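J.:
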Amino acid sequence: MGTNLGFFKALFLFFYRFVFRQSWNLKGIHRSISNIQSRYHKYPSLLHRFEVDELSNKTLIFDVEGALLKSPSLFPYFMLVAFEAGSVLRAILLFALYPLISLVGEEMGLKIMVMVCFFGIKKKSFRVGSAVLPKFFLEDVGLEVFEVLRKGGRKVGVSDLPQVMIEGFLRDYLEVDLVLGRKLKVVSGYFVGIMEDNKKAENIHVLGEMLNGEDANSDFSDAIGITSFNKSDHHQLFSYCKEIYLVRRADKRSWQYLPRENYPKPLIFHDGRLALRPTPLATLTLFMWIPLGFILAIIRAVIALSLPHTVSIPMLVFSGLHITITEPNNNSNKPDHHNNAKGVLYVCNHRTLLDPLYLSFSLKKNLTAVTYSLSRVSEILSPIKTVRLTRDRGQDGMMMKKLLNQGDLVICPEGTTCREPYLLRFSPLFSEMSEDITAVAMNSHVSMFYGTTAGGLKCLDPLFFLMNPLPSYTVQLLDKLSGSSTCDDGQRTRFDAANHVQNQLGKALGFECTKLTRRDKYLILAGNEGHVNNCRS
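Numbering of the sequence shown is given in the UniProt record's numbering, commencing with residue 1 and proceeding in unit increments.
1. Measuring alpha carbon to alpha carbon, tell me which residue in L292, C348, C241, K58 is nearest L481.
2. Check P162 in the structure and name its three-state DSSP category.
3. With respect to the alpha helix (DSSP H) encompassing L104, which residues constitute its N-terminal and C-terminal limits?
4. Taking 7 Å as the limit between beta carbons, can you name the residues of its chain near G86, skipping five residues before and five after?
5. One question on the structure: do R494 and E414 come within less than 8 Å of each other, judged by their Cβ atoms?
6. Since Y190 is in the alpha helix (DSSP H), which residue starts that stretch and which ends it?
7. Who are the Cβ neighbours of I524 in its own chain at under 6 Å, not counting the five residues just before and after it?
8. Within the segment 294 to 359, note down every full beta strand (DSSP E) run reaching 3 residues or more, in order along the chain.
9. Assuming Q476 is part of the beta strand (DSSP E), what are its boundary residues?
10. Can you list, in chain order, the residues of its chain with a C-beta nearer than 7 Å to that of A441? Leave out the 5 residues immediately preceding and following it.
11. Going straight from the alpha carbon of T417 to that of Y473, what length do you get?
12. Using beta-carbon positions only, say whether I101 and F287 come within less than 8 Å of one another.
13. Mapping DSSP to helix, strand and coil, what is S125?
14. Just to confirm my understanding: we take K185, look at its own chain, exclude 5 residues before and 5 after, and list those with CB closer than 7 Å. What are they?
15. Using alpha carbons as the reference points, say which of R277, S319, T310 lies closest to I295.
16. Taking the alpha helix (DSSP H) that D251 falls in, what are its first and last residues?
17. What span of residues does the alpha helix (DSSP H) with A441 cover, start to end?
18. Given this structure, state the Cα-to-Cα distance separating E261 from T514, to the nearest angstrom.
19. In the DSSP output, which residue or residues are listed as bridge partners for K385?
20. Please work out which residues of its chain come closer than 6 Å, Cβ to Cβ, to L26, disregarding the five sequence neighbours upstream and downstream, and give them in chain order.
21. Measure the alpha-carbon distance for P291 versus P76 and round it to whole angstroms.
22. If contact is defined by three or more beta carbon pairs under 8 Å, each pair taking one atom from either stretch, is the segment 364 to 372 in contact with the segment 383 to 390?
23. Count the CB pairs spanning the segment 445 to 453 and the segment 462 to 472 that are closer than 8 Å, and state whether there are at least three.
24. Check S362 in the structure and name its three-state DSSP category.
25. Classify E420: buried if its beta carbon has 16 or more other beta carbons within 10 angstroms, exposed otherwise.
26. Under a three-way DSSP split, which group does V132 fall into?
27. Since K183 sits in a beta bridge, which residues does DSSP pair it with?
28. Any idea what DSSP makes of A275, helix, strand or coil?
29. Whose C-beta lies closer than 7 Å to the C-beta of G527 among residues of the same chain, with five residues either side of it excluded?
30. Is it buried or exposed, H30, if we count other Cβ atoms within 10 angstroms and call 16 or more buried?
31. Thinking just about the alpha-carbon of each residue, which of L161, R273, L354, L429 is nearest to the one in E379?
32. Could you compute how far the alpha carbon of G152 sits from the alpha carbon of Q502?
33. Alpha carbon to alpha carbon, how far is L55 from W24? Give it in angstroms, no decimals.
34. Could you tell me the alpha carbon to alpha carbon distance between A439 and M399, rounded to whole angstroms?
35. Rounded to the nearest angstrom, what separates K458 and E84 at their Cα positions?
36. Using three-state DSSP, classify F430 as helix, strand or coil.
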């Protein structure tokens, strides 16, 4: 009996102490919630709580996924990494694991995607974060929160994504001062697909250094946090903010996407093969189309190479290739091929390697194309004559004059392709070759694959373009322009003539003219100056 009383007494004391201590814990938690509740506000109140001048003196710490991007899914960005930095097989594996990723929770799903996408990828050659992802991140930015960030002083981006994925976008295009993402473990120069644990002390130290060396243990008096409801406590960095504004998912639904004209830095160059945003449904469509698209591309190429224009053009149009041809308004200014002692010089902007071919099909005649670089495979398969330039001004000038004496010639003075609505600087050599210049405005549209690349195999560019279901081209012939005659009058130089042609093409296309060159493009996208050999040239 005494043993039973001792047992019940011990049990009573255990429950008494447990409940007593828990009550104190609950009181402590309640006090903590009361202390921080005054710092939390709903996001819309940030828009009218501060004036523009007040925000300019504040440091804004924002959660990239929770507060900046509209889409709640990170899958498309990892699919881009898997496809562009890895291979089609890696992308298929990631897509096959998508149901599991959706079920295991946000953090575990993130770790699975990182493992699949980054395992075995060489760190030194990883350029997707700076060359591919910024385009898709910019297209997912909410205009409303961007306007708030633009009014702020110093900006700090906090992300659950690996640093190598997010840093180029935030620093180069949104002008963010500090980016705090997840670091990836590297062994012998290769990613192993494992993220390092976030180190709170290290992040606080880095942030403190940016804020004029403030003490890491003190609150940042001018810091304002912008995050989401489900992530407000995930990043401990936000606990140092004086005020925190929470973004609800309902707020994001009403946001507008950031327009291109509002980009802090224009998106002129980007790389990668995928033209669509690879959401799960779009990725399924893509993988189902690839086998059919490959067969269709081969059929289109065979038709273009083997049949005359009168037969091949209707068949190519029937296969889904669309072309729109616009001729000069003034017919008297159209090129006169019979009265010229030499051929006509066609000057085009450069969208894809197929520009000269589409011009040849539009005119229904064979042309000679001079190129700054072209893969050997493309040279062999080209249905028109192609000649490489040596980049020696005197030698190239003599070659072009010789080719013009033999027939019509087409040249793309930009020297490289540009996907976006911009024109790169025109090399002035063409303006000295002929008095008979016909400017041709070229534009193309694709829905799945880009037919250009800076870091991949250029010999596959035509294949990827032809794999699109309904690729389209617009060929607009402009009024005849004067070339060498405008350079010899002592008032206009060859550079003025080249800039004039560039401006005329820009007006016809609605594109913006720039002073950027081929070298600038390849330094940004591929880390080289564009001098690549063999199939990659």
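For glycine and all other residues, C-beta sits at the position ideal for the given N, C-alpha and C. Owing to the predicted nature of the structure, the values given are computational and were not obtained by experimental measurement.
T.: In terms of the structure at hand:
1. Cα-wise, what sits closest to L481 is C348.
2. If DSSP states are grouped into helix, strand and coil, P162 belongs with the strands.
3. The sequence as given places Val at residue 104; Leu does not occur at that position. In the DSSP annotation of this structure, V104 is not part of any alpha helix (DSSP H), being labelled neither H nor E.
4. Counting only residues of its own chain and dropping the five nearest sequence neighbours on each side, G86 has a CB closer than 7 Å to the CB of C117, I121.
5. Not in contact: R494 and E414 (Cβ atoms no closer than 8 Å).
6. From DSSP, Y190 is part of no alpha helix (DSSP H) but of the beta strand (DSSP E) over 190 to 195.
7. Leaving aside the five residues that flank I524 on each side, the residues in its chain whose CB is nearer than 6 Å to its CB run, in chain order, F269.
8. Unbroken beta strand (DSSP E) runs of no fewer than 3 residues, entirely contained in the segment 294 to 359, are found at 322 to 326, 345 to 348, following chain order.
9. Residue range 472 to 481 is occupied by the beta strand (DSSP E) that includes Q476.
10. Close CB contacts of A441 within its chain, under the 7 Å cut and outside five residues either way in sequence, are with N349, Q476, L478, L505, A508, L509 (chain order).
11. As the crow flies, the alpha-carbon of T417 is around 15 Å from that of Y473.
12. Not closer than 8 Å, so no.
13. In this structure, S125 counts as coil in the three-state DSSP scheme.
14. Non-local beta-carbon contacts of K185 in its own chain, meaning distances under 7 Å to residues more than five positions away in sequence, involve V192, I194, E196 in chain order.
15. The shortest C-alpha separation from I295 is found at S319.
16. Where D251 is concerned, the enclosing alpha helix (DSSP H) starts and stops at 249 to 253.
17. If you look at A441, you'll find it isn't in any alpha helix (DSSP H); it sits in the beta strand (DSSP E) that goes 437 to 445.
18. Spanning the two alpha carbons is a distance of roughly 16 Å.
19. By DSSP's assignment, K385 forms a beta bridge with T368.
20. In this prediction, L26 scores a pLDDT of 39, lower than 50, which makes its location untrustworthy; the coordinate-derived value is nonetheless stated afterwards. No residues qualify anywhere along the chain.
21. If I take the Cα positions, the gap works out to 21 Å.
22. By the Cβ criterion, the segment 383 to 390 is in contact with the segment 364 to 372, since at least three pairs of Cβ atoms, one from each stretch, lie closer than 8 Å.
23. Counting C-beta pairs with one atom in each stretch, the segment 445 to 453 and the segment 462 to 472 have three or more that are closer than 8 Å, which means they touch.
24. Reduced to three states, the DSSP call for S362 is helix.
25. Exposed, by the Cβ-count rule.
26. Note: V132 maps to coil in three-state DSSP.
27. Note: K183 sits in no beta bridge, so no partner.
28. In the three-state reduction of the DSSP assignment, A275 falls in the coil class, being assigned neither a helical nor a strand state.
29. R127, listed in sequence order.
30. For H30, the predicted model reports a pLDDT of 41, less than 50, meaning its position is unreliable and no value from the coordinates is stated.
31. Here the closest residue by C-alpha is L354.
32. Straight-line measurement puts the Cα of Q502 at about 38 Å from the Cα of G152.
33. Note on W24: pLDDT 39, under 50, position unreliable in the model; the coordinate value appears next. Approximately 40 Å, taken between the alpha carbons.
34. Each residue's alpha carbon lies about 20 Å from the other.
35. In this structure, the straight-line span from the alpha carbon of K458 to that of E84 is close to 14 Å.
36. In the three-state scheme derived from DSSP, where H, G and I count as helix and E and B as strand, F430 is classed as helix.
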